[in-house]
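Residue numbers (the UniProt record's numbering), protein chains in the order written: chain A, 1 to 386; chain B, 1 to 386; chain C, 1 to 386; chain D, 1 to 386. Glycine included, every Cβ here is placed at the ideal spot set by N, Cα and C. Computed from a predicted structure; not experimentally measured.
4 protein chains.
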Amino acid sequence: MQKRKICVVVTARPSYSRIKTALTAFKAHPQIELQLVVAASALLERYGTAIHYMEADGFKIDAKVFNVLEGENLTAAAKTTGIGILELSSVFENLQPDVVVTIADRFETMATAIAASYMNIPLAHIQGGEVTGNIDEKVRHSITKLADYHLVASEDARERVIKLGEEPDRVYNTGCPSIDLAREVQKSQGLTFDPYENYGGVGAKPDLSKGYWVVMQHPVTNEYKDSRKHIETTLEAIRQYSGFPVLWFWPNVDAGSDGTSTGIRSYRERFDLGEVHFFKNMQGHDFLNLLNHSKGLIGNSSVGIRECSYLGVPVINIGSRQHRRHRGSNVIDVDYNTQDILQAMQQILSNPKAPSETIYGTGNAGAQIADILAKVELRFHKTIVY
Amino acid sequence: MQKRKICVVVTARPSYSRIKTALTAFKAHPQIELQLVVAASALLERYGTAIHYMEADGFKIDAKVFNVLEGENLTAAAKTTGIGILELSSVFENLQPDVVVTIADRFETMATAIAASYMNIPLAHIQGGEVTGNIDEKVRHSITKLADYHLVASEDARERVIKLGEEPDRVYNTGCPSIDLAREVQKSQGLTFDPYENYGGVGAKPDLSKGYWVVMQHPVTNEYKDSRKHIETTLEAIRQYSGFPVLWFWPNVDAGSDGTSTGIRSYRERFDLGEVHFFKNMQGHDFLNLLNHSKGLIGNSSVGIRECSYLGVPVINIGSRQHRRHRGSNVIDVDYNTQDILQAMQQILSNPKAPSETIYGTGNAGAQIADILAKVELRFHKTIVY
Amino acid sequence: MQKRKICVVVTARPSYSRIKTALTAFKAHPQIELQLVVAASALLERYGTAIHYMEADGFKIDAKVFNVLEGENLTAAAKTTGIGILELSSVFENLQPDVVVTIADRFETMATAIAASYMNIPLAHIQGGEVTGNIDEKVRHSITKLADYHLVASEDARERVIKLGEEPDRVYNTGCPSIDLAREVQKSQGLTFDPYENYGGVGAKPDLSKGYWVVMQHPVTNEYKDSRKHIETTLEAIRQYSGFPVLWFWPNVDAGSDGTSTGIRSYRERFDLGEVHFFKNMQGHDFLNLLNHSKGLIGNSSVGIRECSYLGVPVINIGSRQHRRHRGSNVIDVDYNTQDILQAMQQILSNPKAPSETIYGTGNAGAQIADILAKVELRFHKTIVY
Amino acid sequence: MQKRKICVVVTARPSYSRIKTALTAFKAHPQIELQLVVAASALLERYGTAIHYMEADGFKIDAKVFNVLEGENLTAAAKTTGIGILELSSVFENLQPDVVVTIADRFETMATAIAASYMNIPLAHIQGGEVTGNIDEKVRHSITKLADYHLVASEDARERVIKLGEEPDRVYNTGCPSIDLAREVQKSQGLTFDPYENYGGVGAKPDLSKGYWVVMQHPVTNEYKDSRKHIETTLEAIRQYSGFPVLWFWPNVDAGSDGTSTGIRSYRERFDLGEVHFFKNMQGHDFLNLLNHSKGLIGNSSVGIRECSYLGVPVINIGSRQHRRHRGSNVIDVDYNTQDILQAMQQILSNPKAPSETIYGTGNAGAQIADILAKVELRFHKTIVY
């Protein structure tokens, strides 16, 4: 029997972390031939070159798509999407996939969704149905309306996709594949690697054995003129704070990333941040291991909402980026405010335990997704249910 | 006070017919500056050069966007959309509109929706919330999830957009602007122009004074390999039929249009179709006048569902293109079947009257749309309501 | 030993006719792996779908590139070239050729030249160094300055390329591969096929056994507003002429092709052209066979200059398109003038013989080109010699 | 009388320095309307945002074109050019220039040349006819063959353009506009500004009053894998050197710039470079003032060949980038070799004077160019002269 060709398009480092166990399951599945396309910032050095990790993890890359148009404005984001459609449609023409998989809600994932659906290729969407507080909200639900299969990460998301007029029997709550990784990581005792040696980076190299904080804060697209101000609020908090060292992760690409990046660079030139080390990126497995043994995560990454909920890691969630996302009791929400951040850090240190919760799955999402896509009836035609 | 700049992107001849009275209302409104962008097939001679009619109607064109990539496959439709995004984002950068208006659900309108929403320009969508049976279904609802304001054409559509998670107070049932035109036309007595003289075309030039049929059948994207077979079924019916003459309108552009067009051309070379005249295109006003005095419309155009419902013109609706669209009692649905088409023609001749209905509005949609967009609070940020 | 991968990009029907024997030689050569890319109008039905002939001739297509942007202006030609670069660079990335071959001087071949040379892939140019009287003149010599190897068709051309500052030992006068085909064809007695049956087309089907004329006239890019007027001059000559029947070939794609095409279509609706049959396209071999037994060729095709010189077929060459191209004694040059065309037709009928000349080669260009490209030292770096 | 619309496309910081006095002359000329388009790296922060200087100098920007596609390979350079054509053709459609001006030979300037020449807009090329030792060689002469007017910078260049088959009376030796600036600067006594205060940058801030060196080394496209090794050779020389401080300028964008940039960044993390300060960019006027009072320039910038020849500033020219370019007695050529660089520095310090030469003009090129383009007969049609 002909294997079913499942083509996954990965456009960013965090998307890879999120899909990795599903990719492993696709590769291992007897009825699936995995086609892996790496695009956009996942190819670029200044966003951490996710493709290197993918190759190191043993995945073969079937096509690379360079489509990030440089520019410090939103127009470039639109054009990046347009170029993505031009390029991905050629890739799909070459690979002739049976199913295309698009992940989550970054602006450029719309290119994958449009190319596949316009070419009558069945489209599976990972992590639809969630709710947040920025432009991703438009992209995510818009992709839901183009997608034929919905592999969602929580019950909350499943219900929302069905409300959007999708047929219930095409909506599957598999949990999030990122939780599969978290489940693996949870078993390990202590840090299993040396972050400085393995990942380089710049800044101080404080001793981590007594504990440390992790910071990861992305620009928020709709407010990109404010992104420099936002990052400076957090930088100021870390500068004023004294206690445990801080491991800071560079933001991923977005219109406005330059505001955030410039903010960090400029701040470092002007001020001494003390025991702070900066990383460009880290393999998902190591990053979760690092988080699992940290005092807590500070910033606005969705890792704080998802994986940290499962791991029981305290999170200080800053600003609107994760607004309305279903969250566990590990999260403290704060505004862009130096004092609020500092106060939340104190609160966590006084009460360092958070419970493990399974809102985003129990840790076998990858295998479930592979099984569903190997067997589901292939269709690219749908109508709204109401 | 600064006028509000409302930018309308027209991508096809039928879209212009549909939006025309709104354009007129924008142009006349004291608080609105109309910016008119003409794109895609609306610029091309082999699809009727809609832009000529727009200029003849006194509209000034602010930008032209050539983005139709030639090809006889769906890949070209995807790439046309990608090129559209590249080009329209430059146009919006130049024009700096306060609101962008996109019309209906053709594949390339997605380019307008993405360029505007990614650039944080408030997006108004005309004719969302409807339901049909082909790929347009994906595009239409996907655009709804990108749009900030919804100007829908029926109560049925209004309810559907709200179910899709849009805020009710941003969904307006104005009726369809095409009904405004139908209302105008309804007042005229008999044919007000000579179709042969004004619009040329090829084929026989039968006498129309005793009555005639109108045919307009587009390819159905999802079934484009079948489009030649489909059109031949209809051609066969017309060839077998003898009675009133037939005025046949060329299809608009779509992947597969060549199947339909080739089908017609080839059929004409092989068979004598008798009293059939072919038109490439006709101004909306004249077309409705022609329909209003016809025996009925045959094909799959949405004009049969909308304007003909208001005008009370009988319609033989063939195949799946208008599937599930809310329709009046003027419509007889048939499959791609020569005998069914012939039988429906007999049925209409026996019982030629259909009632006038206001499902798609009462005829002042253009003015309502202008008023709403002149006054609505401008926002480009939204979240799903549930 | 690894075979050398030679990638040929064919963008139009006439280019295929011109390169065919080289393709055959590449395919047969033990040290060459042929990679065949079909692009632009060579893929499109309304320009004769050259790709069908290539497949029928047993060539495997490695990639298809749709890049023709529809439009009735020169901007579309520029954009078609831009899209071509975007697409071809991806194709070259996938195919990893050792050498790229680009043919002649159509505007879109610049895309091949830029993609290859910017990617440091050695570029071979077929038919550089010639001279004509329209925009091709800019494109052709500009490609020479990007190319690393020059496979020219005449001594005249070889000298010109060297004057352009190219190293003499990278300039090879192989003759034109189209002459290889002409040499084959010359051996056949009479028409070897039935044009009407094999190639369809529209119009009258006159008896060809007593002799016939062939017409092929392309728009001239720089004068595209005049292209309709030009074609009407020729149409008028053919309408006035009575004598032998006429086989007319549709023009290939160019900005302005619509002027020519529209001119022909409109003329046919208004006037009875008599014994004229229209073909969309014809396989190169059959076309030369047809020419070889014709009274002569009328129009502005380069076939009149090249293959007809070898075949000894009289040619009435109209207008500036072949200006300054090195020509044999078979050619009568006339202006866009109905009387001049008619007079030249009479002149040919009075004196129907033209000598066979080898200006453009002796008929083994394909094999020579294959041999050179199989063995030449690969380099993509060059400097001007003076 | 209608002013002649002259549209200049600036794609990089060094191009602006080079064209600035011509822009000033265009702006001041009574018969010229200047249209200024800023594109590619001239818009981007990480290449010094040349557009800010242009605005500060009082120029109005008529259009911005974002076309730099991110990527660490040559494919991205090809695609950047393709996107450039797509975008610039729309810009020219909007601006309707009478003449387009393209500058020098960077890869992306080909987009300007193709868009203009394909749209039948007369094209003027500044600084054609020169000779160097990398890919620019292909681009530069290829543009010459597309251009209608040639405004060259030296007698040597004028002769070469004519040899390329251009009509002599369309080739003008105006000298290089960059010399106009050098002539201005030469009048000033000492440093007229504080580099650290005005231009920021990172690294040590040594006292400059006793003298200093300037370093500017770009990646060489054809050897981009070696670019990191090349820059490390120079970095090593500077690290070993002790004597006067060093002002180092960041390279401009090119495929491979990341090799050079990464090399510098990584070296700085590993080694203490001592009295070295890094600048991202500097206004042309200030940069020449800085050079004029330096001990000498080290690297491979063409400023060393051109402006430094006029200013009489000693230059250590490293590697192949300026190969064969016509140079004065101020230049010492060395290979990528630490010891050779150090030795050349000693040689200059022993013999610090170099003569002023006028190979590249006498300092009124801008005014000459404006005058020529204001009066020249407009044509976009040409043929090779031989």
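For residue 53 of chain C, no chain D residue has a Cβ inside 9 angstroms of its Cβ, as the nearest lies near 28 angstroms away.
For residue 306 of chain C, no beta strand (DSSP E) encloses it, and the DSSP letter there is neither H nor E.
Between residue 304 of chain C and residue 276 of chain C, the gap from beta carbon to beta carbon reaches 8 angstroms or more.
In its chain, beyond the 5 residues on either side, 37, 38, 39, 43, 51 have a beta carbon closer than 8 angstroms to the beta carbon of residue 64 of chain D. From the beta-carbon of residue 78 of chain B, the residues of chain A found nearer than 7 angstroms are 85, 89, 114, 115, 118, 119. With respect to the C-alpha of residue 112 of chain A, the residue from A:129, A:94, A:87, A:131 having the closest C-alpha is A:87.
Taking a Cβ-Cβ threshold of 9 angstroms, the residues of chain C close to residue 68 of chain B are 69, 70, 71, in chain order.
Collapsing the DSSP output to three states places residue 278 of chain D in a strand.
Taking 8 angstroms as the upper bound on Cβ-Cβ separation, chain B lies near residues 202 of the segment 197-222 of chain C.
In this chain, the alpha helix (DSSP H) harbouring residue 233 of chain D covers 227-240.
In this structure, the alpha-carbon of residue 92 of chain B lies about 15 angstroms from that of residue 110 of chain B. Comparing alpha-carbon positions, the option among C:14, C:19, C:339 lying closest to residue 7 of chain C turns out to be C:19.
Proximity to residue 173 of chain C across C:128, C:139, C:192 peaks at C:128, based on C-alpha coordinates. Residue 11 of chain D counts as buried, since no fewer than 16 other beta carbons sit within 10 angstroms of its beta carbon.
Between the segment 233-247 of chain A and the segment 339-352 of chain A there are three or more C-beta pairs closer than 8 angstroms, enough to call the two in contact. With its beta carbon at least 8 angstroms from every one in chain B, residue 229 of chain A lies outside the interface. Two segments are said to touch when three or more pairs of C-beta atoms, one from each, lie closer than 8 angstroms; by this definition the segment 265-284 of chain A touches the segment 188-206 of chain A. Per DSSP, residue 119 of chain A lies in no alpha helix (DSSP H) and is assigned neither H nor E.
Within the DSSP secondary-structure output, residue 63 of chain B pairs in a beta bridge with B:37. Residue pairing by DSSP puts residue 102 of chain C in a beta bridge opposite C:125.
Look at residue 333 of chain C here: in three-state DSSP terms it is strand.
Per the DSSP secondary-structure output, residue 216 of chain C pairs in a beta bridge with C:249, C:299. Within the DSSP secondary-structure output, residue 165 of chain B pairs in no beta bridge. With fewer than 16 neighbouring CB atoms inside 10 Å of its own CB, residue 192 of chain B falls in the exposed class. Fewer than three beta-carbon pairs drawn from the segment 151-163 of chain D and the segment 279-297 of chain D are found closer than 8 angstroms, and the two stretches are therefore not classed as touching. Residues are counted here when their Cβ sits less than 7 angstroms from a Cβ of chain A; for the segment 143-166 of chain B these are 145, 146, 160, 163, 164, 165, given in chain order. For residue 138 of chain C, a Cβ of chain D is located within less than 8 angstroms of the residue's own Cβ.
At least one beta carbon of chain D lies nearer than 8 angstroms to the beta carbon of residue 94 of chain B. Residue 84 of chain D carries a helical assignment under DSSP once its states are collapsed to helix, strand and coil. Sorting B:358, B:53, B:371, B:132 by C-alpha distance to the C-alpha of residue 301 of chain B places B:132 at the top. Around the Cβ of residue 119 of chain D, a 10 Å sphere holds 16 or more other Cβ atoms; the residue is buried. The Cβ neighbour count for residue 366 of chain B, taken over all protein chains shown within 10 Å, is at least 16; the residue is labelled buried. The residue among C:236, C:229, C:198, C:246 with its C-alpha nearest the C-alpha of residue 213 of chain C is C:246. The beta carbons of residue 370 of chain D and residue 29 of chain D sit about 5 angstroms from each other, so the pair counts as a contact at 8 angstroms. Going by beta carbons, residue 360 of chain D and residue 306 of chain D fall inside the 8 angstroms limit.
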